[in-house]
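Under the working numbering, residues 540 to 1004 are what the sequence shown spells out, in order.
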Amino acid sequence: MRAWGSAIYRRRIAPVLVCIGAVFVMSCAFAKNTMAYQNIVIAIDPGHGGDGTEGETDSGAIYNGVKEKEVDMITAQALYEELSQYGNLTVYLTRTEDVHTELKDRVDFAKSVGADYLISVHYNASKYHRFYGAEIFTSAFGEEYAKGVSLAQTIMSWWVDDGRVSKGIKTRIGKNGDYYGLIRMGREAGIPTIILEHAYLDNNTDFDVYGTPEVWKRLGQLDATAIADYFGVKKGVVQADVGGELTVAVPTGQVDDDTTPPTDVTVTIDAYNPNTRELSYTISAKEPDSMLMYYDLNTQELAADEEHAFMHMNVWKNGETSMKGTYTVPEGYQGAFVARVYNNYEKYTYTPPITVPADLPGASTLLLGGTQVQPTGVAQAEGDAESTGTETPTVTLQDGSGATWTLDEALKEAKGAEYVVDHDQVENKNYALMIVALSVIGLLVVVSIVLAIATHMRRKKGRRR
Ligand SMILES: [Zn+2]
């Protein structure tokens, strides 16, 4: 019998064993964590409710003459009716009437029917009516997080296929753990609870598409299709067992929400056409904690008009580090021009402002009032803008972090490094990188030659012996 340390073992058997081991470990890691059920109980919770005759009035968001509680009910009823047609599912509604219902009573009801999941149906609104899109909230803790996120991911993918903008699947931390009472109490009862925010009732980007009773009903049916898809259940068919897969691990601590705004937010003007007053811009930003969500540009005096500034928010394309576009400067406008970038937790950061039109390419001709017009994108020599004697406005602005700074300071900052790309420096950096890379490759070649020679010498010695 050969010893374990023999050459054959080392050369032939060991690598094979290592490969088998690696494949085994990898297949374990990739094995899907599937939950098996014979029957899944789902409690559907139409948000809000109550007209004040019995208990409080709770209409939820009210906008465009629409009460959220009524929209929630239409969607929840449609979801209930559609989902009830699937096998291996038992579905309940936490309320069927327009009555005030405490969050605790909703959770107690879900618990009493043995609910495996509690799904709360809502529509959104925001203070300044800026936001649009759909979002889903889950618990930030334990199995309720993992189960909630896993189900929410399937629902969100159906929503996105339906044309909705995803604001993400999120947690929200409050003083006592989960911020939303329903999610917090649901978790205490051991029921994964998710809040579906289908669309914004107070924003026309959403309301124009998702603002009729027919659509509210359709969205409920779509939710049912998505939920059935997640659990692998079939309409009118009872299967031996069904179940959804956990797509995320059970967290050990809490999964934090993002409380900080995007960083490294800058805008550069790529070209300006004084005839059309159209400028081409590139906005860059970073968001290591969550995702970049919206951006907008504005020429208003922001601090004075928070309510009306930045109303036409563009969606930041998922995964991009910069966005390009055009903006038409209002005729005769002189003053600050800034962009604002949001993450999907509604935290934002302004770019350092640019003074329009003083800081634009071709500005000097414009400001001097000449009839000649600079060709698009031709930059003026530095200092031209100052020589015109344009006044620097002293507006106090606030960034997403709450810090305030004057436009004066910001302009000084803006004229610093962020706007000047020193091409020489960039090229030098590239050369430095190339030298480092070549050195490493050279070193590797030398080491392998030395090793080859050493092996050769050892073999020669062995043969002589
Ligand atoms: Zn609501």
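Beta carbons: idealized from backbone N, C-alpha and C, even for Gly.
Bear in mind that the values here come from a model prediction, so they are computed numbers and not experimental data.
Which listed residue (the options) has its alpha carbon closest to that of residue i
i, options, result
"Lys643", "Met852, Leu622, Tyr719", "Tyr719"
"Ala779", "Leu990, Ala575, Thr994, Ala993", "Ala575"
"Tyr834", "Asn814, Asn578, Glu859", "Glu859"
"Tyr872", "Tyr884, Ala767, Arg816", "Arg816"
"Asp795", "Ala649, Ser623, Thr677", "Thr677"
"Phe746", "Ser978, Thr994, Tyr602", "Tyr602"
"Ala615", "Ala993, Tyr625, Thr635, Arg645", "Thr635"
"Asn627", "Ile766, Arg998, Ile992", "Ile766"
"Ala691", "Asp762, Thr751, Tyr625", "Asp762"
"Asp637", "Leu983, Val610, Glu620", "Val610"
"Thr786", "Asn743, Ala897, Ala685, Met996", "Ala685"
"Tyr656", "Glu727, Asp700, Asp597", "Glu727"
"Val580", "Tyr866, Val781, Thr802, Arg997", "Val781"
"Tyr884", "Pro827, Tyr866, Glu870", "Pro827"
"Ile708", "Pro869, Ser829, Arg997, Val986", "Ser829"
"Arg669", "Asn853, Arg998, Val984", "Asn853"
"Ser689", "Thr994, Gly729, Asp700, Val789", "Val789"
"Pro813", "His851, Gln793, Thr867, Val605", "Thr867"
"Gly653", "Gly729, Gly687, Glu641", "Gly729"
"Lys773", "Leu622, Asp700, Gly604, Arg997", "Leu622"
"Gly775", "Glu620, Pro752, His851, Asp844", "Glu620"
"Ser792", "Asp717, Arg703, Glu641, Val985", "First, the amino acid is wrong: residue 792 is Gly here, not Ser. Considering only alpha carbons, the answer is Asp717."
"Thr751", "His851, Asp597, Gly604", "Gly604"
"Pro800", "Glu753, Tyr631, Glu870, Lys886", "Lys886"
"Tyr749", "Ile733, Asp701, Gly771", "Asp701"
"Lys523", "Leu977, Leu990, Met850", "Missing from the structure shown is residue 523; the chain here goes from 540 to 1004 and no further."
"Glu641", "Val660, Thr592, Tyr631, Gly588", "Gly588"
Contact check, residue i vs residue j, beta carbons under 8 Å
i, j, result
"Leu831", "Trp855", "yes"
"Ala673", "Ser705", "yes"
"Val804", "Thr894", "no"
"His639", "Gly594", "yes"
"Tyr662", "Ala600", "yes"
"Leu721", "His737", "no"
"Pro731", "Glu683", "yes"
"Ala582", "Phe680", "no"
"Lys756", "Ile658", "no"
"Asp590", "Thr633", "no"
"Ile822", "Ser861", "yes"
"Asn857", "Ala848", "no"
"Met724", "Val646", "yes"
"Gly874", "Tyr820", "no"
"Thr888", "Thr802", "yes"
"Gln760", "Ala617", "yes"
"Thr764", "Trp697", "yes"
"Lys608", "Gly586", "yes"
"Ala878", "Val806", "yes"
Start and end residues, alpha helix (DSSP H) containing residue i
i, result
"Lys714", "It is not in any alpha helix (DSSP H) - Lys714 carries neither H nor E in the DSSP assignment."
"Arg726", "720 to 727"
"Leu899", "No alpha helix (DSSP H) contains Leu899, which DSSP labels as neither H nor E."
"Thr744", "743 to 749"
"Ile766", "752 to 770"
"Ile613", "607 to 622"
"Ser651", "642 to 651"
Interface flag, residue i vs chain C, CB-CB below 8 Å
i, result
"Thr894", "The chain labelled as chain C is not found in the depicted structure, where only one protein chain is given."
Expected contact under 8 Å - CB spacing of residue i and residue j to nearest Å
i, j, result
"Ala810", "Val880", "With a Cβ gap of about 21 Å, Ala810 and Val880 do not count as contacting."
"Leu735", "Ala664", "Actually they do not touch by this definition, with Cβ atoms about 15 Å apart."
"Asn578", "Thr629", "6 Å"
"Asn882", "Asp797", "6 Å"
"Thr693", "Tyr625", "That belief does not hold up - the Cβ atoms of Thr693 and Tyr625 are roughly 14 Å apart, past 8 Å."
"Phe876", "Pro892", "6 Å"
"Ile733", "Gly687", "5 Å"
Start and end residues, beta strand (DSSP E) containing residue i
i, result
"Tyr881", "874 to 882"
"Pro585", "579 to 585"
"Thr693", "Counting along the chain, Thr693 falls outside any beta strand (DSSP E), though it belongs to the alpha helix (DSSP H) covering 681 to 700."
"Leu831", "831 to 837"
"Val630", "628 to 632"
"Asp803", "802 to 812"
"Phe676", "673 to 676"
"His737", "732 to 739"
"Glu817", "817 to 825"
"Met862", "861 to 867"
"Tyr656", "656 to 663"
"Val895", "893 to 895"
"Tyr576", "From DSSP, Tyr576 is part of no beta strand (DSSP E); its letter is neither H nor E."
"Lys709", "705 to 709"
inquiry  = If you measure from each CB to the nearest heavy atom of ligand 1 and keep those under 5 Å, what residues do you get, in chain order?
reply    = Gly586, Gly599, His661
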